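Structure record follows, encoded as structure tokens.
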Amino acid sequence: MDFNLADLFESVVDVVPDQPALVADDRRLTYVALDRRANRLAHHLAAAGIGSGDRLGLQLANGTEYLEAMLACFKIRAVPVNVNYRYVASELGYLYRDAGLVGLVFHSRFAQAVGDAQAALPESRTFLEVRDETGRSGLGDDYEQALEEAADSRDFASRSSDDLYCVYTGGTTGMPKGVLWRHEDIFFAAMGGGDALQLGNAITSPEELAARVMRPGMTALPAPPFIHASAQWLAFSILFGGGKLVTLPGGRFDPAAAWRLVGTEAVNILVVVGDAMARPLLDELDTHAARYDVSSLMAVGSGGAVLSPATKRRLVELLPGRMVVDAFGSSETGQLGGQAPEGDPYGSLRLHVDELTDVLDGELRPVVPGAGVVGRLARRGHIPIGYLADVDKTAATFVETGGRRWALPGDMATVDADGAISVLGRGSLCINTGGEKVFPDEVEAAVKSCEGVEDVVVVGVPDERYGERVVAVVQLRAGCRIDGDALRAECRGRLAGYKVPRQVMLTNAITRSPSGKADYRWAKAFALTAGGT
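For what it's worth, my numbering labels the leading residue of the sequence shown as 1, then goes sequentially.
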């Protein structure tokens, strides 16, 4: 047995076949039921000519079908590809071609966009439509009928640790790109490594996983969609531990529905993406606390976007005694963890220099702790093979130095004298204003702590004097008013003067991806055209 994601999942099924695995709307699947549905889909895909190394697009909202399709691909050594269902035809066309998709599984509600971009599919060996409340469009073959007509046996060829897993990044600052991992590497880097409680006790052989399965396992509710890497990683980490996954109705983010499910499904772990999801959840709980039973909840986790100090404080106040885990990770590194600074439980998370994690300077040498040098965050060990069909980006991101291969995800960082790593933010988003470097994450956290601010995205726009000026695109809370001078005055107590936004531009709503990540391209375009204060 290899460290293959399908093999590992099947080993869990064999020891806890009747434990609950997935809850999505009215469908409840045990492990054996999930396995059989995935087997049926795998046989259908194989009959359509899909096999080892072929890439199948998943343009789906959260539900059992998403994980069924991922597992089905793994079973036949194919590669599932996450397709952002918010993309318009031109963006979809780019992704379809870039990924070299040979087929697609999609929800009916996305049929119009799929149809508009369908000509861009390199091949169409299978085209499956999952019926939803909008009614089947007829653009693709019926998903459920395809399953009914296929065998549910587990008679597949042998698989390998070297089989591929692919996750497409969101493309918030550029075009999306596919990150390729070996199954073994993604299992250890991001899916728990067989350690269901995340205590740093990974398995050393595939056969150990079955003995680690919990009875019952943990119950988790991922608020972000499965098109987001962190939601996929949580899902498989839970499934490899014998736990239960609960998805939001229709795959849509709904704070009230989330809290209801926490109570009815006895959810232990709630996962969000930064303030964009945490704040609406907290507002709902604060307003209607008596409606919800949160006694089962043990932890709230976040990754992929800023969880501001103010939001962390509210989480602790409204959910006393629960763990608040603000984790760092990326598509190019997997999960890196992180912890708050000593003496500042609500501060920005820190990593630490160790055997696998460091900060490298421009010469690819480790930054000297305490030197104040800004370098690039680096990770080695279980890291990706590279980017799909992009030799130049692969060479720039995955580098060798001193006989070791490192992933450089693009995040800039410094190292304190004690070895603590402060992650500043993506270098591609860094604002150069008057020769000073400003990272949006830090400014966004400060602005979000200001009274009346619901959401914010910080960008740099051209400035004749400073090269770039810092601009905050701000969404206010309902009924609140604030002017730029007042907001800047609040920020000056938290930020150096050159980091304080020179302009504040108000918008009715911040544009974000379905996962909650900011769309910096949208924010910059808005900042260049809208009036500010």
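From the three backbone atoms N, C-alpha and C, an ideal C-beta is built for every residue, glycine too. Since the model is a prediction, treat every value here as computed from it, not as a measurement.
- Taking all protein chains shown into account, residue 70 has 16 or more neighbouring C-beta atoms within 10 Å of its C-beta and is therefore buried.
- Secondary structure of residue 55 (DSSP, three-state): strand.
- Secondary structure of residue 312 (DSSP, three-state): helix.
- Secondary structure at residue 293: coil, using DSSP grouped into helix, strand and coil.
- Taking residue 502 as the centre and dropping the five residues before and after it, the same chain places the C-beta of 469 and 470 closer than 6 Å to its C-beta, in chain order.
- Leaving aside the five residues that flank residue 282 on each side, the residues in its chain whose CB is nearer than 8 Å to its CB run, in chain order, 311, 314, 315 and 318.
- Going by beta carbons, residue 139 and residue 111 fall inside the 7 Å limit.
- Taking a cut-off of 8 Å for Cβ pairs, the stretch 26 to 41 and the stretch 195 to 214 do not touch, as fewer than three such pairs fall below it.
- Minimum Cα-Cα distance from residue 427 among the listed residues 454, 91 and 460 corresponds to 460.
- The secondary-structure analysis by DSSP pairs residue 468 across a beta bridge with 462.
- In this structure residue 512 is buried. Its beta-carbon is surrounded by 16 or more other beta-carbon atoms within 10 angstroms.
- Shown here, residue 346 sits in coil according to DSSP, grouped into three states, outside any helix or strand.
- Rounded to the nearest whole angstrom, the C-alpha separation of residue 434 and residue 464 is 10 Å.
- Spatial neighbours of residue 80 in its own chain (CB-CB distance under 7 Å, excluding positions within 5 residues in sequence) are listed in chain order as 56, 58, 69, 70 and 73.
- Distance between residue 373 and residue 412, taken at the CA atoms: about 10 Å.
- Taking residue 7 as reference, the option from 163, 115 and 152 with the minimal CA-CA separation is 163.
- When the alpha-carbon of residue 168 is set against those of 101, 137 and 203, the nearest one is in 101.
- Taking 3 residues as the minimum length, the beta strand (DSSP E) runs contained wholly in the stretch 152 to 196 are 164 to 168 and 178 to 182, in order along the chain.
- The distance from the Cβ of residue 224 to that of residue 231 is about 5 Å, consistent with a contact at the 8 Å cut-off.
- The C-alpha of residue 213 lies about 39 Å from the C-alpha of residue 124.
- Less than 7 Å divides the Cβ of residue 447 from the Cβ of residue 472.
- Residue 402 and residue 395 have their C-alpha atoms some 16 Å from each other.
- Along the length of the stretch 418 to 467, whole beta strand (DSSP E) runs at least 3 residues long occupy 420 to 426, 431 to 433, 436 to 438 and 453 to 463, reported in chain order.
- Rounded to the nearest angstrom, the Cβ distance from residue 360 to residue 366 is 6 Å, consistent with a contact under 8 Å.
- In the three-state reduction of the DSSP assignment, residue 238 falls in the helix class.
- Each residue's CA atom was taken as its position, placing residue 506 and residue 277 some 20 Å apart.
- Counting the other CB atoms within 10 Å of its CB gives residue 288 a total below 16, which places it among the exposed residues.
- The C-alpha of residue 325 lies about 11 Å from the C-alpha of residue 273.
- Going by DSSP, residue 32 is part of the alpha helix (DSSP H) stretching over 31 to 47.
- The C-beta distance from residue 220 to residue 268 rounds to 7 Å, short enough to meet the 8 Å contact threshold.
- Residue 403 is not bridged by DSSP to any residue.
- In the DSSP annotation of this structure, residue 204 is not part of any beta strand (DSSP E), being labelled neither H nor E.
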